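What follows is a short report on a single structure.
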Amino acid sequence: MRVFKFGGASVKNAEAIKNVEKILNEFGGEEVLVVVSAMGKTTNALEALALAYFQNSGDKYDKYKEVKNFHDQIIKDLLDGKTVRGYDDIENLFIELECEIEGAPQLGFDQIYDQIVSYGEIFSSRILSTYLNEAGVKNRWMDAQNFISTDNTYREGKVNWTRTAHLIGSKLRPIVKKQMVVTQGFIGKNQDNFTVTLGREGSDYSAAIFAYGLDANNVTIWKDVAGVMNADPKKFPDAVKIDTITYPKAIEMAYYGATVIHPKTIQPLQSKHIPLYVKSFVDPGAIGTVVGVEAEPQNPLPTLISKENQILLSFSTKDFSFIAEENLSALFRVFALYKIRINVMQSSAISFSVCVDHEPSKIEGLKEEVMQEYTLNATEKVSLLTLINYEKEKVTQMLGGKQILLEQKTQNTLQLVVA
Ligand code: ASP
Ligand code: MG
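Next up, the structure:
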């Protein structure tokens with residue numbers, strides 16, 4: 100049994116969808132679960148719609164129309180003059196979304212966000228499933244919300260693993276054994292029957308959750324790149340593809356900013372030894388990257404990951420006392436309160452520094468919380484560089500005059516906060 104994940108770029112227009120059909124055609128008789136994201140930039144457009152609805156803004160119907168027209172055009176291009184009944188259901192789904200944004204909002208923003216933004220995946224999976232059936236790749240559409248059970252953390256749902264694995268294993272597995280199934284990434288449902296999303300770019304994670312529950316043999320993430328690269332090819336033209344990676348290294352890379360795989364994807368796969376293939380949908384025959392090999396190669400490629408839009412925060416006490424356990428525990432409570440994820444931290448006798456994602460509203464909240472007792476020094480617009488298996492000589496050259504604000508080293512990994 101295989102799990103395939105197709106991201107937004109792989110279904111961004113009719114031509115791309117036809118390419119997905121070509122890939123899936125090869126796997127006709129096999130047990131395959133297809134997990135698909137929203138088409139192209141739909142999630143961003145739906146985010147804007149959710150906000151417009153929440154603020155009761157006059158342009159909410161324009162925003163709705165924009166999403167509808169985009170999908171209508173894709174359907175029109177796929178139909179190419181034919182009439183196919185299955186697409187009528189999609190019209191109904193649009194009416195549902197339109198009803199969703201009628202009247203004044205009754206729920207909190209995050210909950211509204213999930214109810215609206217999740218339509219992107221519903222539309223894309225419906226369109227893909229219909230098109231595939233029409234083209235002869237017989238499949239069944241299933242709603243991922245019936246299988247992925249979460250708590251009530253809207254926009255960042257936490258998976259109830261026991262319930263989810265049970266639902267997937269007992270209800271979905273028998274269906275995939277009979278027929279190819281097309282479902283959605285990114286979405287689940289809580290016990291109150293509301294949609295909960297798993298965090299932006301969460302479709303990779305969904306693929307891993309399904310693979311875990313299905314006890315799949317492998318997962319393939321189909322991308323517009325050749326595989327996992329050892330640096331961002333846009334910034335480093337001599338970047339090369341990594342052929343094999345261990346799970347821990349893949350986790351480290353994803354966590355520190357390699358956007359090719361969502362960071363939460365690896366652990367569920369690792370726990371069941373399910374290999375992950377990252378392959379190009381443009382060149383499906385090529386060998387991509389295999390994640391989940393036992394050991395690193397003899398001479399592993401030096402790898403550079405850069406996480407942008409970071410802020411460096413340094414706390415020191417106002418009463419000149421040393422940074423002690425009490426301070427750290429108080430500060431961590433504030434980080435947890437505002438859901439601020441620490442990417443790197445360092446403490447000394449008189450100060451404690453962290454590098455975190457720069458999300459202004461969270462940082463403002465944190466500042467207010469600590470200003471009574473701490474002096475806070477904030478440096479914006481910094482980047483976090485993570486170098487794995489680094490070559491010392493190359494580091495200076497690569498930095499090209501950038502200033503190092505914080506440095507942390509382990510045996511194979513060097514992390515630098517630079518401005
Ligand atoms: N459509 C969602 C997003 O754009 C999930 C995903 O693409 O993985 O964030
Ligand atoms: Mg995406």
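Be aware that the sequence shown starts at 100, since it is given in my numbering, and climbs by one per residue. Using N, Cα and C, we set each Cβ at its ideal position, and we do this for glycine too. No experiment lies behind these values; they were computed from the predicted model shown.
Bridge partners for residue i per DSSP, in chain order?
i: methionine 279; result: Asn238
i: lysine 105; result: Sequence inspection shows phenylalanine at residue 105; the lysine mentioned does not correspond to that position. According to DSSP, phenylalanine 105 bridges with Val135, Trp321.
i: isoleucine 503; result: Val517
i: leucine 400; result: Answer is none; leucine 400 lacks a bridge partner.
i: threonine 296; result: Ile286
i: threonine 182; result: In DSSP, threonine 182 forms no bridge with anything.
i: lysine 257; result: Answer by DSSP bridge pairing: none, since lysine 257 is not bridged.
Determine whether the Cβ of residue i lies closer than 8 Å to any Cβ atom of chain D.
i: proline 204; result: Included in the structure is just one protein chain, with no chain D present.
Determine the extent of the beta strand (DSSP E) in which residue i is found, giving its start and end residues.
i: phenylalanine 451; result: 451-456
i: serine 302; result: Counting along the chain, serine 302 falls outside any beta strand (DSSP E), though it belongs to the alpha helix (DSSP H) covering 302-313.
i: threonine 444; result: Here residue 444 is methionine; the residue named in the question, threonine, does not match the sequence. Here the beta strand (DSSP E) through methionine 444 covers 441-446.
i: threonine 388; result: 388-390
i: serine 379; result: 375-379
Using a threshold of 7 Å, is the CB atom of residue i nearer than that to any non-hydrogen atom of the ligand ASP?
i: phenylalanine 285; result: yes
i: threonine 364; result: no
i: alanine 137; result: yes
i: glycine 301; result: yes
i: glycine 312; result: no
i: glycine 219; result: yes
i: glycine 185; result: no
i: threonine 142; result: yes
i: glycine 106; result: yes
In terms of residue numbering, what span does the alpha helix (DSSP H) encompassing residue i cover?
i: lysine 167; result: 159-178
i: lysine 150; result: Sequence inspection shows leucine at residue 150; the lysine mentioned does not correspond to that position. Looking at the DSSP string, the run of the alpha helix (DSSP H) that includes leucine 150 is 141-153.
i: valine 119; result: 113-124
i: serine 370; result: 365-370
i: proline 347; result: 346-354
Contiguous beta strand (DSSP E) assignments of at least 3 residues, all confined to the region 456-501: List check, beta strand (DSSP E) in window: 473-487.
Cβ pair count under 8 Å reaching 3, the region 317-333 against the region 465-485: The answer is no - the region 465-485 does not touch the region 317-333, with fewer than three Cβ pairs under 8 Å.
Three CB pairs or more closer than 8 Å across the region 283-300 and the region 131-150: Yes, since at least three Cβ pairs between the region 283-300 and the region 131-150 fall closer than 8 Å, the two stretches touch.
Ordered list of beta strand (DSSP E) runs contained in the region 400-431, each at least 3 residues: Taking only runs of at least 3 residues, the beta strand (DSSP E) segments lying wholly in the region 400-431 are 402-416.
Runs of beta strand (DSSP E) lying entirely within the region 188-250, each at least 3 residues, in chain order: As for any beta strand (DSSP E) of minimum length 3 sitting wholly inside the region 188-250, the runs are 238-240, ordered along the chain.
Contact the region 362-370 vs the region 405-425: 3+ CB pairs below 8 Å: The region 362-370 is not in contact with the region 405-425.
Meets three-Cβ-pair contact criterion under 8 Å: the region 235-251 and the region 265-282: Taking 8 Å as the limit for Cβ pairs, the verdict is that the region 265-282 does touch the region 235-251.
Sufficient close CB pairs (3 or more, under 8 Å) joining the region 112-125 to the region 214-232: Contact between the region 112-125 and the region 214-232 is present, because at least three Cβ pairs lie under 8 Å.
The region 309-320 in contact with the region 261-270 per 3-pair CB rule at 8 Å: As far as the Cβ criterion goes, the region 309-320 touches the region 261-270, which means the pair count is three or higher.
Inter-stretch contact (C-beta, 8 Å, three-pair minimum) for the region 423-437 and the region 458-471: In short, these stretches touch, since the Cβ pair count reaches three.
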